[in-house]
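Those protein sequence lines, which keep their order, are chains L and R. Residues 597 to 1160 in the working numbering are what the first sequence lists, from first letter to last. Residues 597 to 1160 in the working numbering are what the second sequence lists, from first letter to last. Here a beta-carbon is modelled for each residue, glycine too, at the ideal position from N, C-alpha and C. The structure presented is a predicted model; accordingly, all values stated were derived computationally and were not measured. Worksheet: one structure, shown below.
Number of protein chains: 2
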Amino acid sequence: MIIESARLLAEQEMFPFFKAMDETPAKYDGKGRVITHPQLKNIIQKAAEQHWIGGSALFEHGGLQLPEMIFSTGHHLFQAANNGVEGYTGLSSGSAGLITNFGTKEQIDTYVPKIFEGHWQGTMALTEPQAGSSLSDIITSATPTDTGYYKIKGQKIFISGGQHEACENFVHLTLARIDGAPAGVKGISLFIIPKFRPEPDGNLAFNDVYCAGDFQKMGQRGYATTHLSFGDNDDCRGFLVGEPHKGLSYMFHMMNGARISVGQSAASVAMAAYQASLQYAKERPQGRRLSEKDPSKPPTLIINHADVQRMLLTQKAITEGALSLGMECNRLFDLSHAISGEEREKYFLLLEILTPIVKTYSSEQGSRSAALAIQVLGGYGFTTDFPVQQHYRDLKIMSLYEGTTGIQSLDLLGRKVTMQNGKALQLLTETIVDTITKASAYPELQPYAATLKQELKRMEAVLKHLSQFAQKGEIERYLADATVFMEMAGYIVIGWQWLKMAVAAAQKLAAKDTGSNPESFYQSKIHTMEFFFQYELTHAAACAETLLKTSALTGISDHEAFAW
Amino acid sequence: MIIESARLLAEQEMFPFFKAMDETPAKYDGKGRVITHPQLKNIIQKAAEQHWIGGSALFEHGGLQLPEMIFSTGHHLFQAANNGVEGYTGLSSGSAGLITNFGTKEQIDTYVPKIFEGHWQGTMALTEPQAGSSLSDIITSATPTDTGYYKIKGQKIFISGGQHEACENFVHLTLARIDGAPAGVKGISLFIIPKFRPEPDGNLAFNDVYCAGDFQKMGQRGYATTHLSFGDNDDCRGFLVGEPHKGLSYMFHMMNGARISVGQSAASVAMAAYQASLQYAKERPQGRRLSEKDPSKPPTLIINHADVQRMLLTQKAITEGALSLGMECNRLFDLSHAISGEEREKYFLLLEILTPIVKTYSSEQGSRSAALAIQVLGGYGFTTDFPVQQHYRDLKIMSLYEGTTGIQSLDLLGRKVTMQNGKALQLLTETIVDTITKASAYPELQPYAATLKQELKRMEAVLKHLSQFAQKGEIERYLADATVFMEMAGYIVIGWQWLKMAVAAAQKLAAKDTGSNPESFYQSKIHTMEFFFQYELTHAAACAETLLKTSALTGISDHEAFAW
């Protein structure tokens, strides 16, 4: 019932404005205001009323305690329908979650209900012009006062949803450096900085946070991206969250959720493109089967061409595989919050190692998938008459949001693989082996189970090879091809998801328990698994070959010596 | 000197309007006119004056007889500077070439000088709404009259440069079916259909060719794409080119050139994106080397990060490799026109087999390359403040123009590989082996020579496997994975180009004959070759594994039986 309400909201309120929001982008008016599409306010309000901002929060914070799997399934539908709009609501959700986790009761009471009502927009304010991805170099300053708050001064860029006309107030969760704090990431603190600060008398006072401009983009054009200036008139107050200098670890609470959410969003947008191209392929007659030489025969539907089937199956394999991994992460999130002790630790570690993978696989392969959607439509796919080109444009941001592919890959190989002496990786391997064991019980799945086992061994060999460099302290060399390792890990992990889906399908078919689905639903899951193994997973070995080569062709110290 | 003039034209007249033409797209005004950017007329005029429309034509047709390699090098610069603008001039060139090759003297005298002067625009009018890529199904009709011309009636869509305000007249080279012609491609004839037809008195009369609308697109927005309607008032005259029913073979003369040109354009646009990201990487300080733990040290330039070097080298390997193959095709074109007899046949066959490969590799991998350019710039790459996102958007059309990737792949595996009992493929293999032999003379190139030899053997094994199906008459099965075969062939052919470049570089370095280039120029060619073999060519084996698998997962006859 809850998911059905999300579907109606997505279909009736969000998708109808998907194209219009692209054609009339959110835009800075030169006078401090960012004008968004007139429907945006209405959509955010409706989403808030139906608990799609606060739904996963605790009862005591005004939420419905929806499991993340349910809440995220709703958001999946929004992301597929209108990913820019989902951004506004998802960001508010995440911001409120950060406050409820680390804020004081007063902070929670002041900000969270307003965010859940959709009147106030939560944002994450991390990036600064000079620092980019290097949070270590942020310089926004926070000067303590004797009345509890901090005076803030600084510039933040690329702030999604950062001050626009569809919300009344903004709650910027901002990283800044308290005067005298240590250099680097160990001196970063987290502040709540509202655009309008609540005064003791209940009124709101302008908090000296200006929108100084915006960024026009190739995609997600309806989703405002702004430049914020804090403290131009020396009157910007920031309210410390938690302890000083621990801001980055708090922010990563939200960031981890945001990374999974970006991965899921990428999978959802690619899914929308896949569905659009599938529908087109089922309706468009063109050409004849290659075995049909008689030009007087009527044209066939393009879905009957083998190459179109290949493009559709590639999209299905990527998007359903990525979405399945996203849901696996949401499930692990729920489990790690529902359970305690060693079991909790297990789910938490699995979530840690899968987070950079779901973010990266979905965004990188999602773009490739959407390119195939365009290709299925032919020239029409390139025109603004069809949505697939917008999906393709929107998707490109996903490999940059919340840490680029390069940064996710360093996180995977540099932190997650090695954390707790490799425990997260060991747990992941055990979990995959468990699926392999289950699959081995079905004769038709055995070859695929064997292939995945072989891929796990290959990954082990690669890590053994790379670890030589780490052991010698050659950390740059160890990490130089982290992105290639990420690509390989992505193929393997999605291969695992497909095998898992195939096992579930084989169980249903064997038990003749297909419920309300036709048998073909489950047969197609097994078919797509086979396709993934035959067409996609084969590239994992190619990545391994690159990683096992011994010559170092990147990481060259003196770039001037090298004629690019 | 000639190329330098192209560089100035590209830099001073074309690139300055690259962004503006994207922001003010060519647009149908609802009253039959397509309004283009005000500078377009001026640019086309300047290009014409400097012989960049007619330069490669024979003296007798008003050209300079420039070799295709020189003429195309000029166009490469235009494509990199402003690919939409180059489209207008390149299309005129190709159209004039078609008329000079197959038209009568009167047709040549009437149309070609005006096209070369840039006052008249040549176009190719093939696609119809109901037929799409399936030219067999076009229905535009041509009714003979007793005064020599044909009365034309029909609709054509996706006509690049098809009637806009920057040219005075249009010469549509149009495929149509003479009344009573055989069904299929054997009944298609080629017509010259001007927008304004020259009358015996020297005046121009409107020829009943209306622009009925345009297509707005995600890229190449300054390049008009129109819908043309012929003969609404029963007064559209078409002038037959060559013999009746042979139109498709004539059109393929132009089409082959256009395919190479699209491939080169894709390489050029990707090259522009690469150069923009390279410049950014050399100027942007951000973060520290992974071995540097002290956050108080100043940030390093991002080009010093291994992953950024990987992204730059990937782009360099793809774009220089693709451009090299484009130039190889231009060279073969020149040779096949300068030489006669068996030698000519050899160059012609090589050109035949390489044409679908240069078109497809450059467009598919070019898009991937431009995605990496965006990635190097981080969030900035997604904004309209930088050109890389426009390159990425523009590039997407290249895998659709002049036959989609699927069609190119059917052409490669279905026609070119098998033509003359495999002679073209045999010649290509011999040519690649010749490069392998040359490379084997340099110890540092030997491992790569050996790898390429192994890849050739692998391709042979794949073809042997696939030919079983062809021999059994299972033509659908033989061609089902043509696109995967194309991907594999692309890696191998570009590997050959890189080995060829490495041999040339090794020769220069061994002879200490580096001319005006620094040694590092040649060293970097060898370095990039190594990179291509280590990071890209490894994926050829993955494609082969897919192709060698025995189960058929696509080409399923009854799509309804399959739950997508």
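At a cut-off of 8 Å, the C-beta of L/F978 has a neighbouring C-beta in chain R. It is roughly 6 Å from the alpha-carbon of R/C763 to the alpha-carbon of R/Q717.
Residues of the stretch 981 to 996 of chain R with a C-beta less than 8 Å from any C-beta of chain L: D981, Q985, Q986, Y988, R989, K992, I993, S995 and L996, listed in chain order. Going by C-alpha positions, R/I788 is about 27 Å away from R/F674. The beta carbon of L/A602 sits closer than 6 Å to the beta carbons of G670 and L673 from its chain, once the five residues preceding and following it are set aside; these are given in chain order. Within chain R, the residues L1149 have their CB atoms less than 7 Å from the CB of L/H1123, given in chain order.
Taking 8 Å as the cut-off, the Cβ atoms of R/K1104 and R/Y1087 do not count as close. Residues of the stretch 717 to 731 of chain R with a C-beta atom less than 9 Å from some C-beta of chain L are T723, Q726, A727, G728, S729 and S730, listed in chain order. Taking 9 Å as the Cβ-Cβ cut-off, the stretch 1024 to 1046 of chain R has no residue approaching chain L.
Within the stretch 776 to 800 of chain L, complete beta strand (DSSP E) segments of at least 3 residues are found at 785 to 790 and 792 to 794, given in chain order.
Secondary structure at R/Y806: strand, using DSSP grouped into helix, strand and coil.
Between R/I856 and R/K955 a beta carbon distance of about 7 Å is seen, short of the 8 Å cut, so the two are scored as contacting. Residue burial is scored here from C-beta neighbours: R/I599 has fewer than 16 other C-beta atoms within 10 angstroms and is therefore classed as exposed. Residue-level contact check: R/L886 touches chain L, since one or more beta carbons of chain L fall below 8 Å from its beta carbon. Residues of the same chain with a CB within less than 8 Å of the CB of L/L654, apart from the 5 flanking positions on each side, are Q661 and T696 in chain order.
Contact between L/V858 and L/S959 holds: CB atoms are separated by about 7 Å, below the 8 Å threshold. Contact note: L/A1137 reaches chain R through T1134, A1137, A1138 and E1141, using a C-beta cutoff of 9 Å and chain order. For L/M814, the nearest beta carbon of chain R is closer than 8 Å to its own beta carbon.
Among the residues of the stretch 898 to 927 of chain R, those with a Cβ less than 9 Å away from any Cβ of chain L are I898, I899, N900, H901, A902, D903, V904, Q905, R906, M907, L908, L909 and K912, in the order of the chain.
In terms of CA proximity to L/D618, L/T632 leads the group L/T632, L/C832 and L/G658.
Secondary structure at L/Y997: coil, using DSSP grouped into helix, strand and coil. For R/Y819, DSSP records no beta bridge to any residue.
Shown here, R/Q759 sits in coil according to DSSP, grouped into three states, outside any helix or strand.
Here the alpha carbons of R/L1062 and R/L1143 stand approximately 8 Å from one another. For R/L874 and L/T1150, the gap between their C-alpha atoms comes out near 15 Å.
Against chain R, the CB of L/Q1130 has a partner CB under 8 Å away; the residue lies at that interface.
At a Cβ-Cβ threshold of 8 Å, L/T1124 and L/W1092 do not count as neighbours. Here DSSP, grouped into helix, strand and coil, assigns L/R855 to helix. Where R/W1094 is concerned, the enclosing alpha helix (DSSP H) starts and stops at A1078 to A1106. Boundaries of the beta strand (DSSP E) harbouring L/M720: W716 to A721, taken from the DSSP string. Secondary structure within the stretch 945 to 1021 of chain R: the alpha helix (DSSP H) runs of 4 or more consecutive residues, fully enclosed, are 984 to 991 and 1001 to 1006 (chain order). The Cβ of L/P840 sits no closer than 8 Å to any Cβ of chain R. A direct Cα-Cα distance of roughly 51 Å separates L/Q759 from R/N765. Under the Cβ distance rule, R/S1112 does not count among the residues neighbouring chain L, no pair being separated by less than 8 Å. For L/E724, the number of other beta carbons within 10 angstroms of its own is at least 16, and it is reported as buried. Three or more beta-carbon pairs separated by less than 8 Å link the stretch 898 to 906 of chain L to the stretch 862 to 879 of chain L, which places the two stretches in contact.
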